[in-house]
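The numbering used here puts the sequence shown at residues 1133 to 1511. One structure below.
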Amino acid sequence: MRRILIFSFYLFVFLAASAQINQRYWSQGPLTWDDFSIMPSSSGERSMLFYGLTFKPVRDTLDGIRCCYYRAESYMMNSDSWVAADHRDDNTLRYNQVIFDMIEVETRRLQQSINADPNPFAYDGLFSIAGDRLSARIDSFCSLSHDGTDTAVLSAFERQVAAELAQYPADYRPRYTARPFGYGLYVGIGVTGSTGSMGKAFAPGAGLNLGFDFSYNRHLLILDGTLGLCKALQTFSLADPDGTTNTFPEGKLGGLLTINLGYGYTLVDNLRWQLSPFVALGIREFSYSSQNQNNNFAYARPEPVVGLQFRHHLWQQHAFPEYGFLAGGGRVSELSRVSLQGRLLLSYSSFPDLQGSPTGLSIQAQLALSLNGRLFNVD
């Protein structure tokens, strides 16, 4: 007896997606005769089903975050599949459904193999194994069921495939669990102003802000610095040990350097926002140099700092899962974020060795673009 169903296993390159293939997915529900073209009866063949099985890299949005991973996929090509007009009976449709279910089982097994393999370059080999295994199983089913005419064998395969569908999870999506360590790098601008006698001694300054932070769960280690310019509102002088006097003349622009090393704790960390208060030990230095007069004025003092940092995440994406040194026996993915970062710092400044012993509260506002990330375990 000639086979009722002839199977073709097509391998597709996804760059040819413009081929206008009408794809029918298993998730759309059981097959119906509407999924087949009607052909006149000839040469005894009852139906033909074409299908595709492949895998591809996808970029999906899960919980509002772009995620990259590899997904196995299969489908029936119902624009090419057909049934003979005089063989549209229940057994033929059941037979096609069992084959379609087998394809879905093999798709899920391929996904499981991809998830478990440490090397993405091995996925082509896994795909070939899955295709060969599926073809062999379909051939066996054709032979044992006599092309679906043996209803007892057909029923047994229906039960077996249904159990396998329940065994393998459907519609795979990666699940991410955060690891404790994270990082942040940022660059921006900072503006500083002071109150009290500090505000009468130095005009507000501005400069380039650079820094980084390391996080462990919600704990932050912060190191940042701002290098900029400010103007002296009165003349200051300092004597070196060798007796040389260096001055910062009134009305001249000089250097302003602030460095802060601090500890913070993240109170809010959600899809769009991160809010972290912190405390720090800072250093503030004023400097002025005039090579023509051999004048090198520099004076620095430590100061306590409290501050508040916020980040608004503009873009975030999970990278493709990897195995490696940091994986610790499992798959990891780095969540990368580009964020708009703002900081407000309040410090108490005191310079007792300068004329007038200027003191007061200093306020610094920072606005930066931050690249921050964290490793996640992937299941």
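Idealized CB from N, CA, C, for every residue including glycine.
Reduced DSSP secondary structure (H/G/I, E/B, other) of residue i
i: Gly1343; result: strand
i: Gly1360; result: strand
i: Thr1367; result: coil
i: Lys1332; result: helix
i: Tyr1304; result: coil
i: Arg1159; result: The sequence shown places Ser at residue 1159, rather than the Arg named in the question. It is helical.
i: Phe1457; result: Note on Phe1457: pLDDT 49, under 50, position unreliable in the model; no value is reported.
i: Met1133; result: Low per-residue confidence applies at Met1133: pLDDT is 30, beneath 50, and the placement is therefore not dependable, though the value from the model is reported in the following sentence. Reduced to three states, the DSSP call for Met1133 is coil.
i: Gln1487; result: coil
i: Pro1252; result: helix
i: Arg1240; result: helix
i: Ala1310; result: strand
i: Ser1173; result: coil
i: Phe1168; result: coil
i: Arg1350; result: coil
i: Arg1226; result: helix
Nearest neighbour of residue i, chosen from the options [CA to CA]
i: Ile1197; options: Leu1478, Leu1503 and Arg1469; result: Arg1469
i: Pro1453; options: Asp1249, Thr1193 and Arg1291; result: Asp1249
i: Pro1172; options: Trp1214, Asn1154 and Gln1160; result: Trp1214
i: Val1411; options: Leu1389, Arg1475, Pro1373 and Pro1189; result: Arg1475
i: Leu1286; options: Trp1447, Leu1225, Arg1506 and Leu1472; result: Leu1225
i: Leu1181; options: Phe1187, Asp1167, Leu1342 and Glu1205; result: Asp1167
i: Lys1384; options: Gln1448, Ser1421 and Pro1162; result: Ser1421
Continuous alpha helix (DSSP H) stretch holding residue i: start and end
i: Asn1154; result: It is not in any alpha helix (DSSP H) - Asn1154 carries neither H nor E in the DSSP assignment.
i: Glu1290; result: Thr1283 to Gln1299
i: Leu1266; result: Tyr1255 to Leu1276
Close Cβ partners of residue i (< 8 Å) along its chain, the five nearest in sequence each way excluded
i: Trp1405; result: Phe1442, Arg1443, His1444 and His1445
i: Thr1283; result: Asn1223
i: Ser1516; result: Because residue 1516 is not part of the residues shown, which for the chain are 1133 to 1511, the question remains open.
i: Leu1361; result: Gly1337, Ala1338, Gly1339, Leu1385, Gly1386, Gly1387 and Leu1388
i: Arg1269; result: Met1234 and Glu1238
Residues of its chain near residue i, where Cβ-Cβ distance is below 7 Å and the 5 sequence neighbours each way are ignored
i: Asp1222; result: none
i: Thr1379; result: Thr1367, Phe1368, Ser1369, Asn1427 and Phe1429
i: Phe1289; result: Val1230, Phe1273 and Ser1277
i: Tyr1201; result: Val1190, Pro1306, Phe1452 and Pro1453
Spatial neighbours of residue i in its chain, beta-carbon cut-off 6 Å, leaving aside the 5 residues before and after
i: Pro1490; result: Ser1329, Met1330, Ala1333 and Phe1483
i: Ala1262; result: Glu1238 and Leu1242
i: Phe1457; result: Residue placement at Phe1457 is poorly supported in this model, since its pLDDT is 49, which falls under 50; the coordinates still yield a value, given next. Closer than 6 Å at Cβ, skipping near neighbours: no residue.
i: His1219; result: Arg1178
i: Tyr1142; result: With a pLDDT of only 37 at Tyr1142, under 50, the local geometry of the prediction cannot be trusted, and no value is derived from it.
i: Ala1432; result: Ile1415 and Glu1417
i: Ser1245; result: Leu1258
Continuous beta strand (DSSP E) stretch holding residue i: start and end
i: Pro1189; result: Ser1179 to Leu1194
i: Arg1203; result: Ile1197 to Met1209
i: Gly1474; result: Arg1463 to Ser1482
i: Ala1216; result: Trp1214 to Ala1216
Query raised in the report: Enumerated in chain order, which unbroken segments of the beta strand (DSSP E) with a length of 3 residues or greater are wholly contained in the stretch 1377 to 1448?
Result: 1377 to 1380, 1385 to 1397 and 1405 to 1422
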